[in-house]
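Protein chains: 2
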Amino acid sequence: MSPKADAADKPRERLTRNRVIDAALQIMDAEGVEAVTMRRVAREVGVEAMSLYNHVTDKEDLLDGICARVMADFRFPDEDGDWVATTRHGASEWRRVLKSHPNVLALFAERNKPMTDLDALMPMEFALRTIGRAGMGEREAVQVFNVMGGYIMGFVMMESGRMFGGGTMEKDAPSPDQMTHVLAAGQLPCVAAALPHLANCDPDEQFAFGLDLLLAGLKARYGLLA
Amino acid sequence: MSPKADAADKPRERLTRNRVIDAALQIMDAEGVEAVTMRRVAREVGVEAMSLYNHVTDKEDLLDGICARVMADFRFPDEDGDWVATTRHGASEWRRVLKSHPNVLALFAERNKPMTDLDALMPMEFALRTIGRAGMGEREAVQVFNVMGGYIMGFVMMESGRMFGGGTMEKDAPSPDQMTHVLAAGQLPCVAAALPHLANCDPDEQFAFGLDLLLAGLKARYGLLA
DNA sequence: GGTGTATGCTTACGTTGTACGTGAACATAG
DNA sequence: CTATGTTCACGTACAACGTAAGCATACACC
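For the record, the sequence lines run as chains A and B. Just so you know, we're using our numbering here: the first sequence kicks off at 201 and counts up by one. Just so you know, we're using our numbering here: the second sequence kicks off at 201 and counts up by one.
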């Protein structure tokens, strides 16, 4: 009998680079960066570790693939409205992408080379094009891109990594760690006073707040109007 | 003869937590985060790996120690002038600290708990106090802190991680990697046009530019004056 | 002296990334 | 049909990792 037309004798689907990277990304989202291990990914796709090397050259390559894959999730806003509106949409989309895979920022940070993937670069192209619509010079557009990009990345880093006490205490839990002890010592009065606000502030609102600051600064500087 | 008063029979200086963390930080600066290994640090301080555990509970603890140590390098600007000037000094000092240990951002990013060390929190205290001097409400001050902090971290992350092509090509080197190939394909015209600016712009100037945008936005919003 | 308490060394175990060799499935050429 | 080359998965093996456990040494205080 012919080997096809039989569902049972095709025990495993053909492995591809995409399937490998997808599995790795899923593991990273669910269990953190350090859980992304060649053996763990292999197990996820039902294969031995060494078989992955037919589709990625390294673990490095795998991680690069994850970065590119994440950026490929970027959904380009339409560019019909004025550049400020498009910028706002683009920025919040960028933040959405980063937040939907919160651990990818750690990857970005530890990777010291720029992205080369076309998929990963297209959001940058979009951003530069949109900023360019504001009518400033190329050089200024690049500056604005760096500033905005930095703001977005840093903001998401702070809100999801919460490195400065952002979400330590849920609501009013007394925060069992030693931070309370430090605060109780009376030093850091401003931090102590800020804690409830750190816990309660709506991140979306904060993000928009900072973005508006930047946009307002741009308008004030260049006399641009929305 | 007595065992003291002889320089030769005191073969090693007493190991301390600080010496361990210093060594780890030095290794991280010189060779990257992944080079910070218990055995490597031990070798650096002239000891076997397991001896480090007398001074740090974990590798985790060691890395936390590095984070705290880096923040402890923060040199507090004087707070005599107006709050805008102090903010500017504080921001550039914060950037200086991060840039002088460029790999620490990867640590910050992969660590999902807030800092609890007093040393690490004092720059935050300083920042909140300075922002508070502007006269806005506590809640707004926290927002401004998050926005400024995010901007600083993100900017440094982009400028030292150069994830978006920032420093790929030194001066006018033709960039041997595959990025050129992608660009040559005609897609990404804005990125292609931006590349020389990405390579040539002065980071200090860019940083000040973004910071001024934020400050200008604040002034415009709150009607604050320098 | 003795006796704890730090501190360091050694050995050992499980897990990591990956180099290397084997073998099955398949395409194409003779 | 057989021969041959390519692709892909498997299995074994090794060095380096974090660290648990046990033992050795040195100094503080009685």
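All residues carry an ideal CB built from backbone N, CA and C; glycine is no exception.
Comparing the C-beta of residue i with each C-beta of chain A, is any distance below 9 Å?
{"i": "E231(B)", "result": "no"}
{"i": "A420(B)", "result": "yes"}
{"i": "P203(B)", "result": "Unreliable placement is indicated for P203(B), whose pLDDT of 36 sits below 50; the coordinate value is still reported in the next sentence. Answer no: the Cβ-Cβ gap between P203(B) and chain A never drops below 9 Å."}
{"i": "D273(B)", "result": "no"}
{"i": "A373(B)", "result": "Residue placement at A373(B) cannot be trusted, given a pLDDT of 40 that sits under 50; the coordinates are not used to answer."}
{"i": "D412(B)", "result": "yes"}
{"i": "G386(B)", "result": "no"}
{"i": "A291(B)", "result": "no"}
{"i": "F276(B)", "result": "no"}
{"i": "I221(B)", "result": "no"}
{"i": "M228(B)", "result": "no"}
{"i": "E370(B)", "result": "Reliability fails at E370(B), whose pLDDT of 41 lies under 50, so the model's placement of it is uncertain and no value is given."}
Would you say residue i faces chain B, with C-beta separation under 9 Å as the test?
{"i": "K299(A)", "result": "no"}
{"i": "N218(A)", "result": "no"}
{"i": "L225(A)", "result": "no"}
{"i": "L262(A)", "result": "no"}
{"i": "R362(A)", "result": "yes"}
{"i": "P376(A)", "result": "The predicted position of P376(A) is uncertain, since its pLDDT is 44 and thus under 50; a value taken from the coordinates is nonetheless stated next. Judged by the 9 Å Cβ criterion, P376(A) is not in contact with chain B."}
{"i": "M357(A)", "result": "yes"}
{"i": "G265(A)", "result": "no"}
{"i": "D282(A)", "result": "no"}
{"i": "E279(A)", "result": "no"}
{"i": "R214(A)", "result": "no"}
{"i": "V270(A)", "result": "no"}
{"i": "G349(A)", "result": "yes"}
{"i": "A409(A)", "result": "The sequence given here places Phe at residue 409(A); Ala does not occur at that position. For F409(A), the answer is yes, since a Cβ of chain B falls inside 9 Å of its Cβ."}
{"i": "A285(A)", "result": "no"}
{"i": "W294(A)", "result": "no"}
Under the assumption that residue i contacts residue j (Cβ atoms under 8 Å), give the Cβ distance between them as a whole number of angstroms.
{"i": "V233(A)", "j": "E310(B)", "result": "6 Å"}
{"i": "I352(A)", "j": "R421(A)", "result": "Not confirmed; about 20 Å, so no contact."}
{"i": "Q343(B)", "j": "C390(A)", "result": "The pair is not a contact, with the Cβ atoms about 14 Å apart (cut-off 8 Å)."}
{"i": "V245(A)", "j": "A223(A)", "result": "5 Å"}
{"i": "V304(A)", "j": "L252(A)", "result": "V304(A) to L252(A), Cβ: 20 Å. No contact."}
On a Cα-Cα basis, can you pick out the residue from the options that is closest to residue i?
{"i": "M228(B)", "options": "P277(B), L307(B), V297(B) and R217(B)", "result": "L307(B)"}
{"i": "P277(A)", "options": "E293(A), S251(A), G361(A) and F345(A)", "result": "E293(A)"}
{"i": "G290(B)", "options": "G349(B), Q406(B), C401(B) and A399(B)", "result": "G349(B)"}
{"i": "V256(A)", "options": "E244(A), A230(A), N400(A) and L215(A)", "result": "L215(A)"}
{"i": "L298(A)", "options": "R362(A), N400(A) and C267(A)", "result": "C267(A)"}
{"i": "Q387(B)", "options": "M357(A), L321(A) and A408(A)", "result": "L321(A)"}
{"i": "D264(B)", "options": "D280(B), N218(B) and G361(B)", "result": "N218(B)"}
{"i": "S360(A)", "options": "K259(A), R243(A) and P403(A)", "result": "P403(A)"}
{"i": "H301(A)", "options": "E260(A), K313(A), L252(A) and M357(A)", "result": "M357(A)"}
{"i": "N346(A)", "options": "G354(B), N346(B) and V347(B)", "result": "G354(B)"}
{"i": "N312(A)", "options": "K259(B), A249(B) and R362(B)", "result": "R362(B)"}
{"i": "F407(A)", "options": "Q226(A), M250(A) and R288(A)", "result": "R288(A)"}
{"i": "K259(A)", "options": "L225(A), D280(A) and E405(A)", "result": "L225(A)"}
Spell out a yes or no on whether the stretch 237 to 253 of chain B and the stretch 276 to 289 of chain B are touching, meaning 3 or more CB-CB pairs, one atom from each, closer than 8 Å. no
Is there contact here, the stretch 315 to 330 of chain B with the stretch 261 to 274 of chain B, by at least three beta-carbon pairs under 8 Å?
-> yes
_Output needed in chain order: residues of the stretch 304 to 315 of chain B with a Cβ under 9 Å from some Cβ in chain A._
L305, A306, L307, F308, A309, E310, R311, N312, K313, P314 and M315
Next on the checklist: Under 8 Å, with one C-beta from each stretch per pair, do the stretch 409 to 423 of chain A and the stretch 398 to 416 of chain B reach the 3-pair mark?
Outcome noted: yes
(request) Count the CB pairs spanning the stretch 333 to 344 of chain A and the stretch 389 to 400 of chain B that are closer than 8 Å, and state whether there are at least three. (result) yes
Validate contact between the stretch 318 to 334 of chain A and the stretch 324 to 333 of chain B using beta carbons, cut 8 Å, 3 pairs = no
Handout entry: Short-range partners of chain B found in the stretch 232 to 258 of chain A, where Cβ spacing is below 7 Å
Key = V233
What are the residues of the stretch 318 to 341 of chain B that lie near chain A, defined by any Cβ-Cβ distance shorter than 8 Å? L318, L321, M322, M324, E325, L328, R329, G332, E338, R339 and A341
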